[in-house]
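All remarks here apply to the structure that follows.
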Amino acid sequence: MAPAEGEEGCYSCAGNAALAGLPPRERVVVGTGWRAAHAIRTALPGWLVLVSRRHLTSPAELTEAEAAELGVLTWRLSRALVEVTGCVKTYVAAFSEAAGFEHLHVHVVPRAGDLPAAAQGPDVFTFLRRPEAEWVPPGVMDDLAARLAAALDNER
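With this note's numbering applied, the sequence shown covers 1034 to 1189.
Spelled out as C-alpha cells, the structure:
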C-alpha cells in the first residue's frame, strides 16, 4: 500500500514526504504503513514513536494491514529496545493530541529498571516536558537509531 498524500502543515506528513533525506533518528525502521523515529524534545534516550505513513488521527482509521504491521513493529522495537538499552520493559501509548502532532503516532518508551517511581507509568511523559538543555542530543539519537536498526536486522 502506498502512503497517502500528506496533510499540509503536518509535522509527521512533512517527514514522511522527505523520507530519503531524513537523518537516521527519523527512520529507525521504515515499513509499508509505518516508520519508527526517535522522539524529539525528550530527555529519555530511546523513546521511539511509530508514525503512520498516511495522515490519520485515530487507530480506528487504520486498515487491517496497517494494524497488523503496527503490532509486529511494536513487538520488534520493544525487543530491540530491551537489547540495546537494557530496559526491563516498554510502555506503549497513543494520544495524538498535542498541537501540531495530531497525526497518529504510537509511543514505544523504554522503561529502565532504575527509573524512579515518580516517572513510571503515565508519569514517564514528564520526560517530554523537560528543559531543552536535558533533551537527548541528535548525535545520541542517531547512534541509538543505528544500534536499534542493527538489532532489528540481526533478529531476522
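Cβ atoms here follow ideal geometry from the backbone N, Cα and C, with glycine treated the same way.
Since this is a predicted model, take the numbers as computed values, not measurements.
Identify the residues that DSSP records as bridge partners of residue i: which are they?
i	result
arginine 1068	Val1063, Val1084
arginine 1144	Lys1122
valine 1139	Leu1083
To the nearest angstrom, report how far apart residue i and residue j are at their CA atoms.
i	j	result
glycine 1079	alanine 1184	13 Å
arginine 1087	leucine 1137	9 Å
leucine 1081	glutamate 1041	24 Å
alanine 1098	leucine 1148	35 Å
alanine 1035	leucine 1089	Its pLDDT being 42, under 50, alanine 1035 is placed unreliably by the model, and the measurement read from it follows with that caveat. Whole-angstrom Cα-Cα distance: 14 Å.
alanine 1151	glutamate 1188	34 Å
valine 1115	glutamate 1094	30 Å
valine 1084	arginine 1180	19 Å
proline 1143	glutamine 1153	11 Å
alanine 1076	alanine 1101	30 Å
valine 1061	valine 1105	15 Å
proline 1056	glutamate 1167	21 Å
valine 1063	aspartate 1186	12 Å
Just mark residue i as buried or exposed, buried being the case when its beta carbon has 16 or more other beta carbons within 10 Å.
i	result
asparagine 1049	buried
alanine 1051	exposed
proline 1155	exposed
glycine 1119	exposed
glycine 1172	exposed
glycine 1190	Examination of residue 1190 is not possible in this model, given that the chain is present from 1034 through 1189 alone.
valine 1121	exposed
alanine 1053	exposed
threonine 1123	buried
Nearest to residue i by CA position, among the options, is which residue?
i	options	result
tyrosine 1044	Gly1066, Ala1070, Val1063	Ala1070
glutamate 1135	Pro1057, Ser1091, Val1121	Ser1091
alanine 1178	Glu1059, Ala1053, Cys1046	Glu1059
glutamate 1130	Thr1096, Asp1175, Val1139	Val1139
Am I right that residue i and residue j are in contact with their C-beta atoms under 8 Å? What's the rounded C-beta distance?
i	j	result
arginine 1068	leucine 1161	Contact doesn't hold; Cβ gap of about 20 Å is too wide.
valine 1141	threonine 1107	6 Å
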